[in-house]
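Protein chains: 2
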Amino acid sequence: MTKAYQVVGIGNALVDVIAHIEEGFLADHRVERGIMQLIDRDRAVELYGHMGPAREISGGSAANTIAGLAALGARTAYVGKVKDDQLGAIFAHDLRAQGADYDTPTAPRDHGHETGRCMVLVSPDGERSMNTYLGVSEFLAPSDIDEGLVADADWIFLEGYRFDGPDSHAAFAKAIRATRASGGRVAITLSDPFCVERHRDAFLAMIRADVELLVANEHELKSLYLTDDLARAMDRAEAEIPITACTVGARGAHILTRGTRVHAPAAGTRVVDVTGAGDLFAAGLLHAITSGRDWLTALRMGNVAAAEVISHLGARPEADLRDLFAAEGLS
Amino acid sequence: MTKAYQVVGIGNALVDVIAHIEEGFLADHRVERGIMQLIDRDRAVELYGHMGPAREISGGSAANTIAGLAALGARTAYVGKVKDDQLGAIFAHDLRAQGADYDTPTAPRDHGHETGRCMVLVSPDGERSMNTYLGVSEFLAPSDIDEGLVADADWIFLEGYRFDGPDSHAAFAKAIRATRASGGRVAITLSDPFCVERHRDAFLAMIRADVELLVANEHELKSLYLTDDLARAMDRAEAEIPITACTVGARGAHILTRGTRVHAPAAGTRVVDVTGAGDLFAAGLLHAITSGRDWLTALRMGNVAAAEVISHLGARPEADLRDLFAAEGLS
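Taken in sequence, the protein lines are chains G and X.
Oh and the first sequence: position 300 is 1299 in the numbering used here, straight run, nothing missing.
Oh and the second sequence: position 22 is 1021 in the numbering used here, straight run, nothing missing.
Have a look at this one:
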């Protein structure tokens, strides 16, 4: 029986606040380059006060992936928490307008936190340094997981960043149970090497028990297996996960399945802002997997979608991804 | 004595909500192409529900001009009303981060309207059709005008759109009085041909009594003087206004002063979104005037600043305008 959704994503619902910076800004304001750092509200206010003029574009890692999948015509839904405030309305609008279902209960106006946001500082070379005030996204609880929704999905796609937050593990556990009970499959992204550092044991336990598809970049995969040797990390992943997709930056991406390894070079583009590269890689990959394509096609779709999103500011696709796929013979 | 500000702008404080549209969208949703239409909250909700994924960038016509001037190093301040809400905080941040002073009293949280926004629909050819929910910006009152602030300005720059709203004329009158009493000068932009249609008599009365610099495009100038003949409209303007700057789209812009007419062709660029073209033309022009440049330089600075802003989405400058001026020998 065809399920209602090909992919349901679960993640931190955030609006990105994006500004270009000069290289010295990071050191001056104690921001780590190229990673995601969690910040509290006071730090968010302080940092915003130093940032130049910005623009706001809906973000959130898994939400970006779901937006990309929806743009490709996939049947998708998203689970993540915003508040009943203006940024929450923007986030919800942008996801629904892209064609994804999004009905997670909204935090009420008297909630002590606002809709979460990520201050994205884009360096002259396109690298992004992310400063996330999780806001209400941190409080996604098991009660926010609609078991009927995830049971009606071929895949659930879990965002590694969502391992932060008090009830996150319980919420994921509930989603995984309902998904697997209905024959659905579990995919996860590791999100960030320092996120892996914070939650390595939980990641590994979930991976070994439930995950059929792992999406990671080389730094995250090495962090997961506590090694500096990518080949060794890939061997470990291949041994314990049915499908691993590992991006290796400008060198492209690999898929490791038990017994088969496939590599595809990156799609060329002019890099403006690398934010969302991994998210859109996952979108192209999941689109291919859920529509029965071969592994090389899956990698190429992932790479083309990633190339689109890094060619402009913001982590949501701007060009028509289907046109780009068609231009590469991937339709 | 040097005044604190070279230019103080007064206008509707808005955040732009920008989305690309297919050409058919305008007809399907009864939106007039290429102009600004005022909409109420219900219509704003309805239209937003039909819009695709968007991005939010601070806007507001005079605020864009002030942002451009601030980016050029001019001493500027802005007067316009936002609410104590998230969009209001974004608007205030972006203006201050650009270097402009902005201290208009904020509407309190229990105000019945929100910070205003403009839904900017960008057609494939880069034309923009604007749908403005004024929100609290409509309620800028005489009490919001700090007479000390405008008295300390060489120029005040009044946004034509601000003629809409219950207390707008009284607020402008107060600002003009205080400015002129201290030897300051009054500039005005006509904003939009239909705005001129709504307020022609008030525009003309103010122009004849107080205005030393009029900034308009050809459609607005023709609407002001109720003629289809641009040459005739320009003659009328020249006869009654010390300085008129009239943009003529891709054909560039004219300055008419009593006895002197200067024209400069448009600066070439790839058009992505024409929103803000007139606002940034005014920024370049006012920068030149307030720093004592000749008329041709003023037009060229206006044209280069306009070309920058139409080369990307959003009405605030992204590139360093000073670098662009230098590249054109305008430094």
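Using N, Cα and C, we set each Cβ at its ideal position, and we do this for glycine too.
The region 1081-1095 of chain G: positions lying closer than 7 Å to chain X by Cβ: When CB distances to chain X are screened at a threshold of 7 Å, the residues of the region 1081-1095 of chain G falling below it are 1084, 1085, 1086, 1089, 1092 and 1093, in chain order.
Kindly give me the distance between the Cβ atoms of residue 1014/G and residue 1082/G, rounded to whole angstroms, as I take these residues to be in contact under 8 Å. Within the first sequence, residue 1014/G is the residue found at index 15, counting from 1. Within the first sequence, residue 1082/G is the residue found at index 83, counting from 1. Going by Cβ atoms, the distance from residue 1014/G to residue 1082/G rounds to 11 Å, so no, they are not a contact pair.
Where residue 1301/G sits in the DSSP three-state scheme: In the first sequence, the residue the question calls residue 1301/G occupies position 302. Residue state, collapsed to three classes: helix.
Local conformation of residue 1173/X per DSSP, three classes: Locating residue 1173/X in the second sequence gives position 174, where the first residue counts as 1. Of the three classes helix, strand and coil, the one that applies to residue 1173/X here is helix, per DSSP.
Our contact map puts residue 1058/G next to residue 1279/G with C-beta atoms below 8 Å; I'd like the distance itself, whole angstroms only. If you number the first sequence from 1, residue 1058/G lands on position 59. If you number the first sequence from 1, residue 1279/G lands on position 280. Taking a contact as a CB-CB distance under 8 Å, the pair residue 1058/G and residue 1279/G does not count as one, their CB atoms being some 12 Å apart.
So which of 1087/G, 1064/G, 1088/G and 1225/G has the shortest CA-CA distance to residue 970/G? Residue 970/G is absent from the model: chain G starts at 1000 and stops at 1330.
Let me make sure I understand the geometry here. Which of 1277/G, 1272/G, 1212/G and 1267/G has the alpha-carbon closest to that of residue 1254/G? On the first sequence, residue 1254/G is found 255 positions in, with the first residue counted as 1. Comparing Cα positions, the closest option is 1212/G.
Just checking: is the beta-carbon of residue 1029/X within a distance shorter than 8 Å of some beta-carbon in chain G? Residue 1029/X sits at position 30 when you count from the first residue of the second sequence. Closer than 8 Å: no.
Hey, quick one: how far does the alpha helix (DSSP H) through residue 1237/X stretch, first residue to last? For the purposes of this step, residue 1237/X is taken as residue 238 along the second sequence, with counting starting at 1. Start and end: 1229-1239.
Excluding the 5 residues preceding and the 5 following residue 1113/G in the sequence, name in chain order all residues of the same chain whose CB lies nearer than 6 Å to its CB. Residue mapping note: residue 1113/G aligns to position 114 of the first sequence, counting from 1. Taken in chain order, the residues that qualify are 1082, 1084 and 1134.
Own chain, CB closer than 7 Å to residue 1297/G, minus 5 neighbours either side, in chain order: Working through the first sequence from its first residue, we reach residue 1297/G at position 298. Within the same chain, residue 1297/G has close Cβ partners 1254, 1284, 1287 and 1288.
Which value, in whole angstroms, describes the spacing of the CA atoms of residue 1179/G and residue 1018/X? For the purposes of this step, residue 1179/G is taken as the residue at position 180 of the first sequence. For the purposes of this step, residue 1018/X is taken as the residue at position 19 of the second sequence. Taking the straight line joining both Cα atoms gives about 38 Å.
Give the range of the alpha helix (DSSP H) segment to which residue 1077/G is assigned. Start at 1 with the first residue of the first sequence, and residue 1077/G comes out as number 78. For residue 1077/G, no alpha helix (DSSP H) run applies; the uninterrupted beta strand (DSSP E) run containing it begins and ends at 1075-1078, by DSSP.
Which residue from 1220/G, 1276/G and 1164/G puts its Cα closest to that of residue 1037/G? Along the first sequence, one-based indexing puts residue 1037/G at 38. If we check each option's Cα against that of residue 1037/G, 1164/G comes out closest.
Are the beta-carbon atoms belonging to residue 1263/X and residue 1295/X less than 8 Å from one another? In the second sequence, counting from the first residue as 1, residue 1263/X sits at position 264. In the second sequence, counting from the first residue as 1, residue 1295/X sits at position 296. Annotated as proximal: residue 1263/X and residue 1295/X, with beta-carbon spacing under 8 Å.
Residues of its chain near residue 1074/G, where Cβ-Cβ distance is below 6 Å and the 5 sequence neighbours each way are ignored: As a working mapping, residue 1074/G is identified with position 75 in the first sequence. These residues qualify, in order along the chain: 1004 and 1005.
Between the Cα of residue 1173/X and those of 1092/X, 1191/X, 1146/X and 1311/X, spot the shortest distance and give me the residue it belongs to. Sequence index remark: in the second sequence, residue 1173/X carries index 174 (1-based). Answer by Cα proximity: 1146/X.
What are the residues in the region 1043-1055 of chain G lying within 9 Å of chain X by C-beta distance? Residues of the region 1043-1055 of chain G with a C-beta atom less than 9 Å from some C-beta of chain X are 1047, 1048, 1049, 1050, 1051, 1052, 1053, 1054 and 1055, listed in chain order.
At least one CB of chain G closer than 8 Å to the CB of residue 1315/X: is that the case? In the second sequence, residue 1315/X corresponds to position 316, counting from 1. Residue-level contact by beta carbon holds for residue 1315/X and chain G, with a gap shorter than 8 Å.
Just how far apart, CA to CA, sit residue 1321/G and residue 1071/G? As a working note, residue 1321/G is residue 322 in the first sequence. As a working note, residue 1071/G is residue 72 in the first sequence. Between residue 1321/G and residue 1071/G, the C-alpha separation is close to 6 Å.
Chain G partners of residue 1128/X, CB-CB under 7 Å? Counting from one through the second sequence, the residue named residue 1128/X turns up at place 129. What residue 1128/X touches in chain G: nothing, since even the nearest Cβ is about 17 Å away.
Expressed to the nearest angstrom, what Euclidean distance is found between the alpha-carbon atoms of residue 1250/G and residue 1237/G? Residue 1250/G sits at position 251 when you count from the first residue of the first sequence. Residue 1237/G sits at position 238 when you count from the first residue of the first sequence. Spanning the two alpha carbons is a distance of roughly 20 Å.
Relative to the C-alpha of residue 1129/X, which candidate in 1033/X, 1315/X and 1166/X has its C-alpha closest? Within the second sequence, the letter at position 130 stands for residue 1129/X. Looking at the Cα atoms, 1033/X is the closest of the given residues.
Report yes or no: is there a C-beta of chain X within less than 8 Å of the C-beta of residue 1060/G? By one-based count along the first sequence, residue 1060/G stands at place 61. When Cβ-Cβ separations below 8 Å define contact, residue 1060/G makes no contact with chain X.
From residue 1061/X to residue 1330/G, what distance separates their C-alpha atoms? On the second sequence, residue 1061/X is found 62 positions in, with the first residue counted as 1. On the first sequence, residue 1330/G is found 331 positions in, with the first residue counted as 1. The C-alpha of residue 1061/X lies about 46 Å from the C-alpha of residue 1330/G.
Measuring CB to CB, does residue 1016/G end up less than 8 Å from residue 1045/G? Walking along the first sequence from the start, residue 1016/G turns up at place 17. Walking along the first sequence from the start, residue 1045/G turns up at place 46. No, Cβ-Cβ distance for residue 1016/G and residue 1045/G is not below 8 Å.
Taking C-alpha atoms, which residue in 1273/G, 1155/G and 1123/G lies nearest to residue 1171/G? Here residue 1171/G is taken as the residue at index 172 of the first sequence, counted from 1. Sorting 1273/G, 1155/G and 1123/G by C-alpha distance to the C-alpha of residue 1171/G places 1155/G at the top.
Determine whether the Cβ of residue 1057/G lies closer than 8 Å to any Cβ atom of chain X. Position 58 of the first sequence, counted from the start, is the residue given in the question as residue 1057/G. At least one chain X Cβ lies under 8 Å of residue 1057/G.
Between the CA atoms of residue 1087/G and residue 1195/G - distance to the nearest angstrom: Stepping through the first sequence from its first residue, residue 1195/G is reached at position 196. Stepping through the first sequence from its first residue, residue 1087/G is reached at position 88. Cα-Cα distance, rounded: 27 Å.
Between which two residues does the beta strand (DSSP E) containing residue 1005/G stretch? Walking along the first sequence from the start, residue 1005/G turns up at place 6. That run of the beta strand (DSSP E) goes 1004-1009.
From what residue to what residue does the alpha helix (DSSP H) around residue 1218/G run? Position 219 of the first sequence, counted from the first residue, corresponds to residue 1218/G. Where residue 1218/G is concerned, the enclosing alpha helix (DSSP H) stretches over 1217-1223.
Do residue 1306/G and residue 1268/G have their C-beta atoms within less than 8 Å of each other? By one-based count along the first sequence, residue 1306/G stands at place 307. By one-based count along the first sequence, residue 1268/G stands at place 269. Against a cut-off of 8 Å, the Cβ pair of residue 1268/G and residue 1306/G comes out as a contact.
Check the Cβ-Cβ distances between residue 1036/X and every residue of chain G, and say whether any is below 8 Å. Here residue 1036/X is taken as the residue at index 37 of the second sequence, counted from 1. So no, residue 1036/X is outside the interface.
Using only alpha-carbon positions, find the residue among 1208/G, 1152/G, 1040/G and 1215/G that is nearest to residue 1117/G. In the first sequence, residue 1117/G corresponds to position 118, counting from 1. Nearest C-alpha to residue 1117/G: 1040/G.
Cα-Cα, which of 1049/G, 1043/G and 1009/G is closest to residue 1021/G? For the purposes of this step, residue 1021/G is taken as the residue at position 22 of the first sequence. In terms of Cα proximity to residue 1021/G, the closest of 1049/G, 1043/G and 1009/G is 1049/G.
Let me know if residue 1241/G comes out buried or exposed under the rule of 16 or more other beta-carbons within 10 Å of its beta-carbon. Position 242 of the first sequence holds residue 1241/G. Looking at its Cβ environment, which holds fewer than 16 other Cβ atoms inside 10 Å, residue 1241/G is exposed.
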